[in-house]
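In the numbering used here, the protein residues as written are 21 to 249.
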């Protein structure tokens, strides 16, 4: 289980009446295996910041992130990197391909970074499920935005992570591929027991969620942190 406890990210600024502002404020959240949690909210509400903190990529200014009994940000950087690579599959919102590698090499890269050869059959399986198996030897520069997004999804899934954190994974996709991606993420939770958090503006994602949260000005609803920290 992945758990946020009184999680906040505060940024300081030199101008204005206040000397700081909260991108995320006092968030408590539990994400369980087999669930698909949807995180909605307007642009700039703190969704990506929260996802980055949950994934071990951004250290919070207050609170903690627990993976079962492990406090992510209490770990040394090297240990956190290894855990993040092994346990988390992150689908970023922006472009994340390595241009000098082929599509297949990009998908295998996280496994190789943790010292494994990489499961080619598993990688090709996910590329096929996402409709881009014919692009295994292509370079990222040859791909469309939607194909790059599907490559990033295949990369996150091919490493068999326990937790999948997806930031607008259907943003560049047409209706058919949107449905295919959402179904894959749902099956990963229901059939494979993965923990899935999906940040989305897409109303088509709503039927796939087992829990729906909204972030407004850094505050999560529904959800209330215990009074005692």
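For each residue, glycine too, the CB sits at the ideal point set by N, CA and C.
Less than 6 Å between C-beta atoms, sequence neighbours within five positions excluded: which residues of the same chain meet that for residue 167? Residues 152 of the same chain have their beta carbon placed closer than 6 Å to that of residue 167, with the five preceding and five following residues left out of the count.
Report yes if the C-beta distance between residue 161 and residue 127 is below 8 Å; otherwise report no. Taking 8 Å as the Cβ cut-off, residue 161 and residue 127 do not qualify as a contacting pair.
Determine the direct distance from the alpha carbon of residue 212 to that of residue 57, and round the result to whole angstroms. Looking at the two C-alpha atoms, the distance is approximately 15 Å.
Three CB pairs or more closer than 8 Å across the region 143-157 and the region 183-194: With a cut-off of 8 Å, the region 183-194 and the region 143-157 do not count as touching, because too few Cβ pairs lie within range.
Option in 195, 69 and 145 with minimal Cα separation from residue 177: For the residues 195, 69 and 145, the minimum Cα distance to residue 177 belongs to 145.
Whole angstroms is fine: what's the gap from residue 249's alpha carbon to residue 26's? Low confidence applies to residue 249: its pLDDT is 42, below 50, so where it sits in the model is not reliable, and the reading given next is rough at best. Rounded to the nearest angstrom, the two C-alpha atoms are 8 Å apart.
Residue 203 vs residue 184 beta-carbon contact at 8 Å: Not in contact: residue 203 and residue 184 (Cβ atoms no closer than 8 Å).
How would you call residue 80, buried or exposed, if buried means at least 16 neighbouring beta carbons within 10 angstroms? It is buried - the Cβ of residue 80 has at least 16 other Cβ atoms within 10 Å.
Residue 76 burial status per 10 Å Cβ neighbour count (16 or more: buried): Counting of Cβ neighbours within 10 angstroms places residue 76 among the buried residues, the total reaching 16 or more.
Run through DSSP, which three-state label would residue 221 get? The answer is coil: DSSP assigns residue 221 none of H, G, I, E or B.
When you compare only the Cα positions, how much space is there between residue 150 and residue 197? Each residue's alpha carbon lies about 8 Å from the other.
Determine the burial state of residue 67: buried for a count of at least 16 other Cβ atoms within 10 Å of its Cβ, exposed for fewer. Of the other Cβ atoms in all chains shown, 16 or more fall within 10 Å of the Cβ of residue 67; this residue is therefore buried.
Taking the alpha carbon of residue 239 as the reference point, which residue from 24, 45 and 41 has its own alpha carbon closest? Selection 24, 45 and 41 evaluated against residue 239 yields 45 as nearest (Cα-Cα).
What are the partner residues of residue 51, as DSSP defines its beta bridges? Bridge pairing for residue 51: 22 [DSSP].
So, with DSSP's three-state summary, where would you put residue 152? Here residue 152 sits in coil by DSSP.
The beta strand (DSSP E) that contains residue 60, what's its start and end? Unbroken beta strand (DSSP E) run through residue 60: 56-60.
DSSP puts residue 27 in a beta bridge; with which residues? Answer by DSSP bridge pairing, in chain order: 47.
Report the CB separation of residue 59 from residue 218 in whole angstroms; it is logged as a contact under 8 Å. In this structure residue 59 touches residue 218 by the C-beta definition: roughly 7 Å separates them, less than 8 Å.
Within 10 angstroms of its Cβ, does residue 169 collect 16 or more other Cβ (buried), or is it exposed? Under this definition residue 169 is a buried residue.
Tell me the DSSP bridge mates of residue 185? Within the DSSP secondary-structure output, residue 185 pairs in a beta bridge with 110 and 217.
Nearest-angstrom Cα separation, counted from residue 133 out to residue 125: Roughly 12 Å separates the two Cα atoms.
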